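Numbering (this note's numbering), first residue to last: 5 to 171.
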């Protein structure tokens, strides 16, 4: 499981493109998919936080938080862009941030109010994808960049499955 920082160091242009799509409206916006207790998917809009030190999300008391606390697997997809059909996707595992100084610093920087029952999660990156679509709106295939965490691919229980575009 690579941290966002490790992924960004390995593929800086891809990480920059994904970060730009997640933050295209100012604060981060994306759709977070989690795994329900019955194994089904659950999708929620969230405001991810991308910093030099990681990919984070402040999650209020909700079904999505209970999903992440029980089964940390997640997928995060960018909100649709107004000017293009470009899209970004990352998936991996969410871990609660337990270092009080780190939590306080990120809460202060991103104005997470103490009056709300939230927890800070850091998202690791097993797979990252950026699809750039032709701005002319034609039927051409998108230019797709994919990064897979080398350690996740080697793991015997790796759950990362990725459909490759047809040639």
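Backbone N, C-alpha and C fix where the C-beta goes; we use that ideal spot for every residue, glycine too.
From a predicted model like this one, the values you see are computed outputs, not experimental measurements.
- Query: Going straight from the alpha carbon of residue 100 to that of residue 88, what length do you get?
  - Reply: 34 Å
- Continuous alpha helix (DSSP H) stretch holding residue 112: start and end: 104-113
- Under 8 Å, do residue 25 and residue 90 count as touching if we go by C-beta distance? yes
- Task: Please say whether residue 60 and residue 152 have beta carbons closer to each other than 8 Å?
- Result: No, they are not a contact pair.
- Item | Other residues of its chain near residue 149: CB distance less than 6 Å, five sequence neighbours each side excluded | So the list reads 18, 134, once near-sequence residues are dropped.
- Following the continuous alpha helix (DSSP H) through residue 16, name the residue where it begins and the one where it ends. From DSSP, the alpha helix (DSSP H) with residue 16 extends over 16-26.
- Query: What are the uninterrupted segments assigned as beta strand (DSSP E) that are 3 or more residues long and contained completely in the region 38-103, given in chain order?
  - Reply: 45-50, 53-55, 58-64, 77-82, 91-100
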